[in-house]
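J.: Take a look at the following structure, please.
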Amino acid sequence: MAYEDRTYHGIQGAGSDEEEWQPTRLLVEKPESGPTERRNATVLRELKAKDEDELGGYGWGYNGGGTSRAAAAILADALDLGTPEKAGLSMSEWPQDDTLAALREDFCVDFLGQFADEWRLGRAAVLRWARGWYLQRGITELPEALRKLPPLLNLDLD
1 MAYEDRTYHG IQGAGSDEEE WQPTRLLVEK PESGPTERRN ATVLRELKAK
51 DEDELGGYGW GYNGGGTSRA AAAILADALD LGTPEKAGLS MSEWPQDDTL
101 AALREDFCVD FLGQFADEWR LGRAAVLRWA RGWYLQRGIT ELPEALRKLP
151 PLLNLDLD
């Protein structure tokens, strides 16, 4: 499978008594550069939480179930593993893959637990982090998406 670059864009749900409540959204976008170009980013798809009605969907900026569900969705998409349920990443489906469950929870700690209401994260960053995570643990059997990472951009800072 050819490498497809994408950006994950999280938008925290909001609303009050005066405003209509909006659910938290997790979008997969075509990468755009620069702050003004992001306003018109092309949405490739939206990742939906299978159990949003029962468990509350996605979240971030804290350590909890919503954050774990968001991590599972991002990792399953970035690693081309299908849905979190098929990948063994879902918290609500059994059996879970122990390695992927640990990957999911560490991703929460290193990324999602630190995020504010709205954020963007490139797929290449997710893949490089995940590859480092596997290698730090001495796990040599990598998911296909981690076997050959995309090239780094050649930034000429002179």
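My numbering puts the sequence shown at residues 1 to 158.
Idealized CB from N, CA, C, for every residue including glycine.
(1) Over what stretch of residues does the alpha helix (DSSP H) that includes T99 continue unbroken?
(2) Can you give me the start and stop residues for the alpha helix (DSSP H) that M8 sits inside?
(3) Quick one: what's got a C-beta closer than 7 angstroms to P143's C-beta in the same chain, skipping five residues either side?
(4) What residue range does the beta strand (DSSP E) around G122 cover?
(5) Helix, strand or coil: which one does DSSP assign to L89?
(6) Identify which residue in A49, Y8, A14 has its Cα closest to the Cα of E234.
(7) What are the boundary residues of the alpha helix (DSSP H) that E4 is part of?
(8) Provide the residue span of the beta strand (DSSP E) that contains L142, from first to last.
(9) When DSSP labels each residue in this structure, what does R147 get in the three-state scheme?
(10) To which residues of the same chain is D106 closer than 7 angstroms at the C-beta, ignoring the five residues directly before and after it?
(11) From the DSSP output, read off the bridge partner residues of Q221.
(12) If you run the structure through DSSP and keep just helix, strand and coil, what is R137?
(13) Leaving out five residues before and five after D117 in sequence, what residues of the same chain have Cβ atoms less than 7 angstroms from its Cβ?
(14) CA-CA distance, A130 and R25?
(15) For the alpha helix (DSSP H) that L75 lies in, which residues bound it at each end?
T.: A quick look at the data gives this:
(1) Run containing T99: 98 to 110, per the alpha helix (DSSP H) assignment.
(2) Looking at the sequence shown, residue 8 is not Met but Tyr. Per DSSP, Y8 lies in no alpha helix (DSSP H); the unbroken beta strand (DSSP E) holding it starts and ends at 7 to 11.
(3) Excluding positions up to five away in sequence, the list reads L79, L81.
(4) Here the beta strand (DSSP E) through G122 covers 118 to 122.
(5) DSSP, reduced to helix, strand and coil, places L89 outside both helices and strands of the structure shown, so it counts as coil.
(6) Any question about residue 234 goes unanswered here, given that the chain covers just 1 to 158.
(7) Where E4 is concerned, there is no enclosing alpha helix (DSSP H), because DSSP gives it neither an H nor an E.
(8) Where L142 is concerned, there is no enclosing beta strand (DSSP E), given that its DSSP letter is neither H nor E.
(9) Reduced to three states, the DSSP call for R147 is helix.
(10) If we look at D106 and ignore the five residues flanking it on each side, its Cβ neighbours are W133.
(11) With the chain covering only 1 through 158, there is no way to say anything about residue 221.
(12) DSSP places R137 in the coil class of the three-state scheme, outside both helix and strand.
(13) Closer than 7 angstroms at Cβ, skipping near neighbours: Q12.
(14) Annotation: A130 to R25 spans about 23 angstroms, alpha carbon to alpha carbon.
(15) First-last of the alpha helix (DSSP H) with L75: 65 to 78.
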